[in-house]
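Since the structure comes first, as structure tokens, the remarks are kept for the end.
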Amino acid sequence: MIEVKDLKKQFLIKSKVLGLDKGVVNAVNGVDFKIEKGETLGLVGESGSGKSTTGRLILRLLEPTSGKIYLEGRDISTISNSEFRKLRKDLQIVFQNPYSALDYKMTIEDILIQPLQIHKIVKPLEYKKEVGRLLEMVGLSKQDGKKFPHEFSGGQRQRISIARALATRPKFVVCDEPVSALDVSVQSQILNLTMDLQDEFGLSYLFIAHDLSVIQHVSDRVAVMYLGKIVEKGGVDEIFTSPKHPYTKALMSASPLPDPGRKQERIRLEGEIPSAMEALGGCSFHNRCPNKMAKCETHEPKLIELGDRLISCHLYEEKEGLR
Amino acid sequence: MTFQAIKVVTKKVFQNLLMLSLILVIVIGLTGIPTDFDIHSYNGDYKANMSMESIMESIKNNFKIFVSGEAFNVKIQGQTTLELLTKTARKSSAILFFGAILAVVVGIPKGIIDSRKKDSSGTIKLLQSLIPLSVPDILTITLVQLLAIYLSKNEISIFGIGPFPFFGDETFSHAIYPIISISILPAAYIARLTANEIEESFTKSYILAARGKGCSRFQIIKNHMMKGIFYSVLSGFPTVIGIMFSSLIIVEMLFNFRGIGFYLIYFYTTQLIPPYEAGVGFSLFIVVLALFYYLIFMIFNGLKEILMPQSKSS
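Going down the list, the sequences are from chains A and B.
Numbered continuously in our numbering, the first sequence closes out at residue 323.
Numbered continuously in our numbering, the second sequence closes out at residue 637.
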């Protein structure tokens, strides 16, 4: 369905005084993954690791610096903007903040009619009927179409965002932290709704979140990102039951367990995630890694296969080599 | 209307009336100072040509003239001040009104064009708006007048229209250059407001969502930003009016367009009208100008309160 190859995004930092180049931020630094039809890939990592940027690059809301994006085998990374606008029908996004994602000046009906008009999904006479259908699909009533966004709660607004994303009958949806701005009680409703809709329409999701329990709940496969790179990728059960990469282990250990009787050892990482502007030599995680080796400071690890998963760590390269 | 709303409206009206009265008192007081008042330097010492008592007497008289209504009936060159005021106010209103419309009609599309930052000609477009805002308005207006003279002398017409007269006020075509001149600065200001609003809006999630839906740039501006631009221009309009009123005197003087601004300077500088009549005329015209400005200012502030959602919620 969607395939991303060596995707990179660099942001130029310019000085405020003369507009001179001050440096480059490598927000996404060579990301590869593939998402099949009806599959959910969970993208997890700390704030600033490049998760949201990756999602926006796929939808060309940001232009990639390099790399390829394929939709059903067709390279969509280099096609013109006007041509890509036609393809937007198949690629949609649900944003993190439902309070800012809906235009406060438009009624819900107008918000939902717009994509129908642009992509000619239904005939103009059927717009209102289709809006009613979309609202009912996400658990709202037809009458809600006449209201403005401020008349809804956060959870209801996120339902509207989902309805808007599904209005074009897309094949692939980027869910950019769709529940992190919502109350815990509402989060499960939204997650279940996204999963139900996936089953109904065979949607593919790139599900971005920093909440591991959310990722575990919705994903088929998981990719862990650190400083713009994928450090570990594999099946959701595999990654959650036996994380291999030191960063994934630390991330998992920070996630609270629902059983108060069970105890887990917390791995505390030292220091903050380095700035994406500082080009660290070797492995990007080496300055915080509890298993650091001399090689880690000088050589960048490659993404290697380890069973059914992919991992980028010298620790496992060595083990692979010994085998 | 609820009691709370009535209370708020009454309070606002009272505040504005109080402010207006204060402004009128200051203006009448200041314009009561005799027009021939002067301070001379003599042997390193500064001396006024009249005593403080006579200045205060003159200010008191000025208030009396206004309160009694005599200010409207003083004869100047064969007509009463009220007749002269009506005639000139009509002319000034015409150039202010059409100037404001032209500024909006030119300023908003210019702002939309300027907001295309990625375009290689972005800096040039930005400068086109920033230069008129940075240079003194007299220079901009003089340049328009020079162009007008050049076009007229060489009988050059644009799209078969013109050349227009560049001096006087007999017909509407005499008002074309004053209207253009008075609208340049406000148009540049509105263009900056529009461009800033668009640049800010493009980072908002609902705009990203609109792009995600497949909206073109034009559709995004038309459907999601036009209201924001309208609110932004509306809230900036009191400043626009201020700019226009400050340019009014220069425009009318340079193009010999005999409106309120022209007569203000004329009353102050001419030797053809006796000082008393000139003084009363000057006071009356400046009071009316202040009143006029404040009324327009109030109307736009009121509109902003009613129409802008942010103001409503606050």
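All C-beta atoms, glycine included, are put in the ideal place defined by N, C-alpha and C.
Along chain A, in chain order, which residues have C-beta atoms closer than 7 Å to that of residue i?
i: R439 (chain B); result: Neighbours of R439 (chain B) on chain A: none; closest Cβ ~13 Å, over 7 Å.
i: K550 (chain B); result: K105
i: R413 (chain B); result: Simply none; closest approach about 39 Å.
Hey, is residue i's beta-carbon within less than 8 Å of any beta-carbon in chain B?
i: P115 (chain A); result: yes
i: R323 (chain A); result: The pLDDT assigned to R323 (chain A) is 43, lower than 50, so where the model puts this residue is not dependable, and the model offers no usable value.
i: S77 (chain A); result: no
i: K89 (chain A); result: yes
i: I239 (chain A); result: no
i: A27 (chain A); result: no
i: A101 (chain A); result: yes
i: Q10 (chain A); result: no
i: Q216 (chain A); result: no
i: Q92 (chain A); result: yes
i: V4 (chain A); result: no
Using a Cβ cut-off of 9 Å, pull out every chain B residue sitting near residue i, in sequence order please.
i: L197 (chain A); result: The contacting residues do not exist; L197 (chain A) stays about 17 Å from chain B at best.
i: N97 (chain A); result: S528
i: Q156 (chain A); result: Correct list: empty, because the minimum Cβ distance to chain B is about 16 Å.
i: I160 (chain A); result: Simply none; closest approach about 11 Å.
Less than 8 Å between CB atoms is the rule here; does residue i satisfy it with respect to chain A?
i: R581 (chain B); result: no
i: N519 (chain B); result: no
i: N384 (chain B); result: no
i: K635 (chain B); result: The predicted position of K635 (chain B) is uncertain, since its pLDDT is 42 and thus under 50; no value can be drawn from it.
i: H547 (chain B); result: yes
i: L531 (chain B); result: yes
Can you have a look at residue i and say buried or exposed, based on whether 16 or more other CB atoms are within 10 angstroms of its CB?
i: G266 (chain A); result: Rather than Gly, the amino acid found at residue 266 (chain A) in this sequence is Arg. Per the 10 Å Cβ criterion, exposed.
i: P243 (chain A); result: buried
i: K536 (chain B); result: buried
i: I454 (chain B); result: exposed
i: K330 (chain B); result: exposed
i: T494 (chain B); result: exposed
i: Q158 (chain A); result: buried
i: S636 (chain B); result: Reliability of the predicted coordinates at S636 (chain B) is poor, the pLDDT of 41 falling under 50, and no value is obtained from them.
i: P290 (chain A); result: exposed
i: H150 (chain A); result: exposed
i: E575 (chain B); result: buried
i: E270 (chain A); result: exposed
i: A471 (chain B); result: buried
i: L322 (chain A); result: Residue confidence is low: L322 (chain A) scores 45 on pLDDT, short of 50, so the model does not pin down where it sits. Its coordinate-derived value is still stated next. It counts as exposed.
i: Q92 (chain A); result: buried
i: K123 (chain A); result: exposed
i: T248 (chain A); result: buried
i: S634 (chain B); result: Residue placement at S634 (chain B) is flagged as unreliable, the pLDDT there being 42, under the threshold of 50; the coordinate-derived value follows with that caveat. Exposed, by the Cβ-count rule.
i: I13 (chain A); result: exposed
i: Y529 (chain B); result: buried
Which residues of chain B have a Cβ atom closer than 7 Å to the Cβ of residue i, listed in chain order?
i: R85 (chain A); result: G537 and S539
i: D119 (chain A); result: Here residue 119 (chain A) turns out to be His, not Asp, going by the sequence shown. Chain B residues near H119 (chain A): G537.
Would you mind telling me which residues of chain A sit closer than 8 Å to residue i, beta carbon to beta carbon, in chain order?
i: L516 (chain B); result: Ordered by position in chain A, no residue passes the 8 Å Cβ test against L516 (chain B), which lies about 18 Å from the chain.
Under 9 Å between beta-carbons, which chain A residues line up against residue i? List them in chain order, please.
i: L449 (chain B); result: Residues of chain A passing the Cβ test: none, with the nearest at roughly 13 Å.
*In chain order, each beta strand (DSSP E) run of at least 3 residues that lies wholly inside the stretch 204-263 of chain A*: 204-209, 221-226 and 229-235
*At a Cβ cut of 7 Å, what residues of the stretch 45-77 of chain A count as close to chain B, listed as they run along the chain?*
L59 and L61
*For the stretch 498-514 of chain B, which residues have a beta carbon sitting closer than 8 Å to at least one beta carbon of chain A?*
none
*Those runs of the beta strand (DSSP E) which lie wholly inside the stretch 41-83 of chain A and span at least 3 residues*: 66-71
*asked:* Could you tell me which whole alpha helix (DSSP H) segments of length 4 or greater appear in the stretch 368-430 of chain B?
replied: Those alpha helix (DSSP H) runs which fall completely within the stretch 368-430 of chain B and span 4+ residues are 375-391.
_alpha helix (DSSP H) runs wholly inside the stretch 544-581 of chain B, at least 4 long, in chain order_ = 549-577
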